[in-house]
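What follows is one structure encoded as structure tokens, with my remarks underneath.
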Amino acid sequence: MPTPSNSPQIRLAVGALAVLTLLAVTIAFGLSVGSRALSLSDVLGALAVQGETDASIIVWEQRMPRTLLGVLVGAALGVGGALAQGITRNPLADPALIGVSSGAALAIVLGSFVFGVSSLAPQIVLAAVGAAVVGGAVLSLAGYGRGGMAPTSLALVGLSMSALIVAVISVLVLLDAQTLDEYRYWLVGALAGKGTPTLTVVTPVILAGLSLTLLAARGLDALALGEDVARGLGVSVNRARLLAGAGVVLLTSTAVAAAGPISFVGLVVPHVARAITGPRHGWLLPYAALLGASLLVTADVVGRVVVRPAELQVGVVTALVGAPLVLLLLRKSKVAGAGP
Amino acid sequence: MNTREAVFVRSGPSLVARFRRGSASVLFRPRTVAVSLALFTLVLVLFCAGIAAGTRVIPLDDVLSGLAGRADHTTVLTVQQFRLPRVMVAVLVGAALGLAGALVQAVTRNPIAAPDVLGVTAGASLGGVLVLLAFGGTTFGYGGAAAELSQIAVPMGAIAGAFVAAAIVLVVGGSRGGVGTPRTFSTHRVVLVGIICHAAFIGLVHWGLATGDVDQATKAAVWLVGSLHGRGWEHVTGVATALLVLLPIALTLGRRLNALALGEPSAATLGVSVARTQVGLFAVAFGLTGTAAAAAGPVDFVALLAPQIAKRLTRTPGVPLVASALTGSAMVLAADLLARLAIPGVELPVGAVTALVGAPYLLWLVIRSGGTR
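Quick note, the sequences are listed as chains A and B, same order.
Residue 27 in UniProt numbering sits at position 27 of the first sequence, and the numbers go up by one each step.
Residue 212 in UniProt numbering sits at position 212 of the second sequence, and the numbers go up by one each step.
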């Protein structure tokens, strides 16, 4: 909020508690809402004793892994977006724009097409490599010119790189119906049907990525003042970029491998978080993690409710909800901001 | 006052010829004319090559006599019923996309702006896919009871999708300057809104792909990349009609582009109603995009790149409309030729070729120009 408070630290800490409560409420919804609705006491009972009751099986085997996956993927996407915007100092930068998502997607399709890889652990490794290669290529190509990294050239490079990758993917997919069939389900972005095995692979990687990014917070704060100022403050610009870049790659590729390309979370969440916390990354990144997690779990719950008994995949919900939200934000703000 | 004169003046790096008769004057650049003629010749050559190439290669003599209807029956049939409409669709779709891209880039004064980026192509994709999935159970494109229906319905869906997308982008992207001032378009905002809408529409397209069965999804995936496979005369008449209606409007409004290029306040002082011209040009451009997608599916990168290539070739300060249209035609013709010949026995979708060639070219352009904005 723009109004200066007497003690912003306390205000932010209280706010963090509020956001944590929000996340707890969305998790409660995530556990209780579904094709068979459970009351809160049912859920709590099932959580207390892991028994053989229906409620216990539903909660522990289906909704718990799905909800936790939503929390992790949402946090990863929110923080990944905040880092991408921090490195590039471009408010439009999200993992999709700098090509990281499409790099991970290409790696996964190639893995399925060439080697028949369809299990998650090797897919995550592949996705991380693809994300790192393409994201690194986009950032370095965009910064290659004399004038440094203008937002326009970043957007253009990211756009053309993504289009190139999508073309390669569509040719591969057309040559092989099996790959298409796997790819199109993965493409919509869904949390359903990913059990505990997914969670055990994803959790350590995302937690590692999240803690890595906290190390980058101070460097990003300095970078926000401009490269020259950052150097003047004695901050190693390249180290900050490298740490944050590794964070983006790790978080995004894992999220994309686990749940498919989910749009808008990486773009919207950092903006909402920044409106609360201001530009300091030490606060911004945790807020982005909590808000991203809440948003994704909420979107998943909404997808389960709106077209019952069928389900709307979470990626579709974020697109349907995220786009109007961003458009509304744009409409309210007088200036469009630094567009490309 | 019936003076006639022809004056050549230097304007910046290039030569401008001004022909004046009485109070009317026509400005044009000899280089632009020469480049346009060269592009036209290139289009003609690619046009003939497109007819000649195929599973049965037809010699150039037979191509010409086949077009005239003087060759043997099979050749005439092959040329006139199968290859000619396909190549015509390529020419017209390319011209429509090139022109649409040129108009959008000229209005927004932004080289990234194109119907692809503004979400209009994605809107057309969504409309087409939804119709395709609704009718996809029938044998689309290969005869069958509902084939004709989907031949009409898919294009209608694409056009409707394009217009819904355009309406959203223009309504949300427009901003009221204040009390009493007319509605204007912040070009930054339009591009921003477009990128957001693009992402949302593509998300919905993916959802559509996941809901159909695998046969439908394959058909939709082929259409989505942009294909000229099996295009007949009905596709030609569709795009040709749209071009006949929209081209004169584009050229008439295009005269005001020079005024717009000076910046919106200056244009307003020159008596050009900025918002109305912008909306008119956007509407023409998006109409062209929708019809192009209706005929060939969403072919990416042509609308984005054709104007840039044309601009580089002609070295004009503005965006050359005619040269952009011709460049677009040449691009789609060449891409279709490559799509048919690149892998023997496999016909790639034309849009995959434009993206595989266009994306690296765009990358090169950006890298070469460095951080210039």
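Just so you know, even glycine gets a beta-carbon here, dropped at the ideal spot from N, CA and C.
Bear in mind the structure is a predicted one, so any value in this text is a computation, not a measurement.
Among the options, the one whose alpha carbon lies nearest that of residue i
i, options, result
"B:Gly102", "B:Ala293, B:Val284 and B:Thr354", "Just to set this straight, residue 102 of chain B is Ala in the shown sequence, not Gly. Per the Cα distances, B:Val284."
"A:Val14", "A:Tyr287, A:Ala293, A:Arg304 and A:Leu44", "A:Tyr287"
"B:Val332", "B:Ala113, B:Val302, B:Gly119 and B:Pro307", "B:Val302"
"B:Leu362", "A:Ser160, A:Gly130, A:Ile98 and A:Val43", "A:Ser160"
"A:Leu295", "A:Leu47, A:Gly70, A:Ala16 and A:Arg36", "A:Gly70"
"A:Thr203", "A:Pro91, A:Thr21, A:Asn90 and A:Ile124", "A:Ile124"
"residue 377 of chain B", "B:Leu77, B:Leu338, B:Gln216 and B:Val164", "This structure does not reach residue 377 of chain B, given that chain B is present from 1 up to 373, and the question cannot be answered."
"B:Leu224", "B:Pro30, B:Trp364 and B:Val205", "B:Val205"
"B:Trp107", "B:Leu39, B:Ala352, B:Ser65 and B:Leu170", "In the sequence as presented, Trp is not what sits at residue 107 of chain B; that position holds Val. When each option's Cα is compared against that of B:Val107, the closest is B:Leu170."
"A:Thr67", "A:Val19, A:His281, A:Leu284 and A:Gly193", "A:Gly193"
"A:Leu214", "A:Gly282, A:Val272 and A:Glu52", "A:Gly282"
"B:Arg312", "B:Pro111, B:Val45, B:Ser65 and B:Val43", "B:Pro111"
"B:Leu348", "B:Arg255, B:Ala330, B:Gly226 and B:His235", "B:Gly226"
"A:Ile98", "A:Val326, A:Leu44, A:Ile108 and A:Gly81", "A:Gly81"
Buried versus exposed, by CB contacts within 10 Å (16 or more), residue i
i, result
"B:Ala359", "buried"
"A:Glu311", "buried"
"B:Gly180", "Here B:Gly180 scores only 45 on pLDDT, less than 50, and its place in the model should not be relied on; the value that follows carries that caveat. Classification for B:Gly180: exposed."
"B:Val366", "buried"
"A:Phe115", "exposed"
"residue 375 of chain B", "There is no way to answer for residue 375 of chain B, as the model of chain B reaches only from 1 to 373."
"A:Pro197", "exposed"
"B:His198", "buried"
"B:His73", "exposed"
"A:Asp42", "buried"
"A:Arg36", "exposed"
"A:Ser7", "exposed"
"A:Pro309", "exposed"
"B:Arg231", "buried"
"A:Val228", "Correcting the residue type first, residue 228 of chain A is Asp in the shown sequence and not Val. It counts as exposed."
"B:Pro30", "exposed"
"B:Leu168", "The sequence as given places Ile at residue 168 of chain B; Leu does not occur at that position. Result: buried."
"B:Gly178", "Note that B:Gly178 scores 47 on pLDDT, short of 50, meaning its location in the model is unreliable; the coordinates nonetheless yield the value given after this. Per the 10 Å Cβ criterion, exposed."
"B:Trp207", "buried"
"A:Ser140", "exposed"
"B:Gly328", "buried"
"A:Asp300", "buried"
Short Cβ contact (8 Å threshold) for residue i with residue j
i, j, result
"B:Val350", "B:Val299", "yes"
"A:Gly266", "A:Gly315", "no"
"A:Leu187", "B:Leu209", "yes"
"A:Val268", "A:Gly322", "yes"
"A:Gly23", "A:Ala293", "The sequence shown places Leu at residue 23 of chain A, not Gly. In contact: A:Leu23 and A:Ala293 (Cβ atoms closer than 8 Å)."
"B:Val79", "B:Leu60", "no"
"residue 406 of chain B", "B:Leu118", "The shown model of chain B, from 1 to 373, leaves out residue 406 of chain B, and the question about it has no answer."
"B:Val355", "A:Ala163", "Here residue 355 of chain B is Ala; the residue named in the question, Val, does not match the sequence. Yes, they are a contact pair."
"A:Val201", "A:Leu120", "yes"
"B:Gly128", "B:Ala158", "yes"
"A:Gln85", "A:Ala93", "yes"
"A:Val134", "A:Gly111", "no"
"B:Leu304", "B:Ala114", "yes"
"A:Leu250", "A:Ala128", "yes"
"B:Val93", "B:Val214", "no"
"A:Ala75", "A:Ala217", "no"
"B:Val154", "B:Gly173", "no"
"B:Ala330", "B:Leu37", "no"
Cβ-heavy atom distance, residue i to the ligand COA, below 7 Å
i, result
"A:Leu174", "With respect to the ligand COA, the structure offers nothing, as it holds no ligand at all."
* **Touching by the beta-carbon criterion (3+ pairs, under 8 Å), the stretch 268 to 276 of chain A and the stretch 235 to 242 of chain A** => no
* To do: Would you check if the stretch 275 to 283 of chain B and the stretch 309 to 329 of chain B touch, i.e. whether three or more CB-CB distances between them fall below 8 Å?
  => no
* Asked: Any residues in the stretch 174 to 188 of chain A with a beta carbon nearer than 8 Å to a beta carbon of chain B? Which ones, in chain order?
  -> Leu174, Leu175, Ala177, Leu180, Asp181, Arg184, Tyr185, Leu187 and Val188
* Asked: Between the stretch 251 to 264 of chain A and chain B, which residues of the former have a C-beta closer than 8 Å to a C-beta of the latter?
  -> Ser263 and Phe264
* Tell me, please, whether the stretch 72 to 90 of chain B touches the stretch 246 to 260 of chain B by the rule of three or more beta-carbon pairs shorter than 8 Å. => no
* Could you name the residues of the stretch 196 to 229 of chain B whose beta carbon sits closer than 7 Å to any beta carbon of chain A, in the order they occur along the chain? => Ile196, Cys197, Ala199, Ala200, Gly203, Leu204, His206, Trp207, Leu209, Ala210, Val214, Ala217, Thr218, Ala221, Val222 and Val225
* Asked: Are the stretch 283 to 297 of chain B and the stretch 306 to 320 of chain B in contact at 8 Å, needing three or more beta carbon pairs?
  -> no
* Decide yes or no for the touch test of the stretch 121 to 134 of chain B against the stretch 217 to 236 of chain B: beta carbon pairs closer than 8 Å, at least 3 of them. => yes
* Contacting positions in the stretch 288 to 315 of chain A - beta carbon closer than 8 Å to chain B -> Leu312, Gln313 and Gly315
* Asked: Within the chosen definition, does the stretch 199 to 206 of chain B reach the stretch 43 to 53 of chain B through at least 3 CB pairs nearer than 8 Å?
  -> no
* Near-chain A residues of the stretch 328 to 348 of chain B (beta-carbon distance less than 8 Å), N- to C-terminal order -> Val346 and Leu348
* **Residues, ordered as in the chain, of the stretch 295 to 325 of chain B that lie near chain A by beta-carbon distance below 7 Å** => Asp300 and Phe301
* **Within 8 Å of chain B by C-beta, residues of the stretch 151 to 165 of chain A in sequence order** => Thr152, Ser153, Ala155, Leu156, Val157, Leu159, Ser160, Met161, Ala163 and Leu164
* With 7 Å as the C-beta to C-beta threshold (strictly closer), list the residues of the stretch 350 to 366 of chain B near chain A in chain order. => Ala352, Ala355, Leu356, Ala359, Pro360, Leu362, Leu363 and Val366
* Residues in the stretch 101 to 114 of chain B having any Cβ partner in chain A nearer than 7 Å -> Ile112
* Asked: Of all the residues that make up the stretch 273 to 291 of chain B, which are near chain A by a beta-carbon distance shorter than 7 Å?
  -> none
* chain A contacts from the stretch 161 to 172 of chain B (Cβ-Cβ distance under 7 Å) -> Val172
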